[in-house]
Every structure is written in structure tokens, then in C-alpha cells.
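Novice: Under the numbering used here, think of the first position of the sequence shown as 19, with each following residue one higher. Backbone N, C-alpha and C fix where the C-beta goes; we use that ideal spot for every residue, glycine too.
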Amino acid sequence: MTTTAARNYVGVFLPAALLTGIGVGFTLPAFGSAGVAQLPPARFATGIGVTSGLRQIGAVIGIAGLIAVLSGHRGGAAIDSFHRAWLLIAGIALLALLAGIALGRIRPGPRPGATAAPARPVHPAHD
19 MTTTAARNYV
29 GVFLPAALLT
39 GIGVGFTLPA
49 FGSAGVAQLP
59 PARFATGIGV
69 TSGLRQIGAV
79 IGIAGLIAVL
89 SGHRGGAAID
99 SFHRAWLLIA
109 GIALLALLAG
119 IALGRIRPGP
129 RPGATAAPAR
139 PVHPAHD
């Protein structure tokens, strides 16, 4: 996929928007649940609030950086600014991918007061 000054919604913008939407759809719930997986039930709502607030701050910083890149074309073609903006977005997406890989599989922690059920011995079936 390449961008030019010519308009091509179906060939360029639509596939990129669909890929972005799918990526965000998979990423936000996964990172959100990973952020609160180890919290005790009494802190769950606070944890969701903190992770949501941090996500909003990240969005503000990301949009500010994107606007800074887009408004930085000094005498050059505006398309060059958009190419730099896409590189910025791709770089941040790569960082999010690496963060997701570094997190690994997150499992909920044990609930306070819960005890594990004793294991039942397994006996082979008798004929």
C-alpha cells in the first residue's frame, strides 16, 4: 500500500482503516484486562479507572505527536508529512506489539479467602 496525492479511498484508506480498527479492537480489551487481572475484587473498579485514564493520556500524547508531525511540512509536499505520520503510527504500533509480547499470558490471581479444592485421586476404571 502506498499513498500518493491522488485520491483512492477504496484502495488505500479503507484497507488501512479496517486494519487499524481490527488491531485496536483486539488490543484495547487485552491490555485493559491485563491491567486489572491481578487485582483483588475490592480494587477492580479503581484499577479499571486507572487503566482507562492512562489510555486517555496516551491517546492525547499520541494525537499531539501526530499533529506535530503533520504540521511540520515546511515548503515540502504535504504528502511527505503524511508519510512521516504513518511511520510514527507504525512505530508506535510496533512498540505496542512488543509490550504485548513482553506481557505474555496474563492469568487472574487467586481470590483472597479462596482455597483450592483437594485433588481427587484418579483410579483406573475397573472391568
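Rounded to the nearest angstrom, what separates residue 102 and residue 74 at their Cα positions?
Specialist: If I take the Cα positions, the gap works out to 23 Å.
Novice: Out of curiosity, what's the CA-to-CA distance linking residue 76 and residue 26?
Specialist: The straight-line gap from Cα to Cα measures roughly 30 Å.
Novice: Enumerate in chain order the residues of its own chain whose CB-to-CB distance from residue 65 is below 6 Å, with the five nearest sequence positions on each side excluded.
Specialist: Here the set comprises 54, 57.
Novice: Any idea what DSSP makes of residue 99, helix, strand or coil?
Specialist: Looking at residue 99 - three-state DSSP - the assignment turns out to be helix.
Novice: Please classify residue 74: does DSSP put it in a helix, a strand, or coil?
Specialist: The answer is helix: DSSP assigns residue 74 an H, G or I state.
Novice: Beta-carbon within less than 6 Å of residue 84's beta-carbon, same chain only, minus the 5 sequence neighbours each way: which residues are those?
Specialist: Counting only Cβ-Cβ distances below 6 Å, and skipping sequence neighbours, we find 103.
Novice: Please report the residue range of the alpha helix (DSSP H) in which residue 49 lies.
Specialist: Segment 32 to 54, the alpha helix (DSSP H) holding residue 49.
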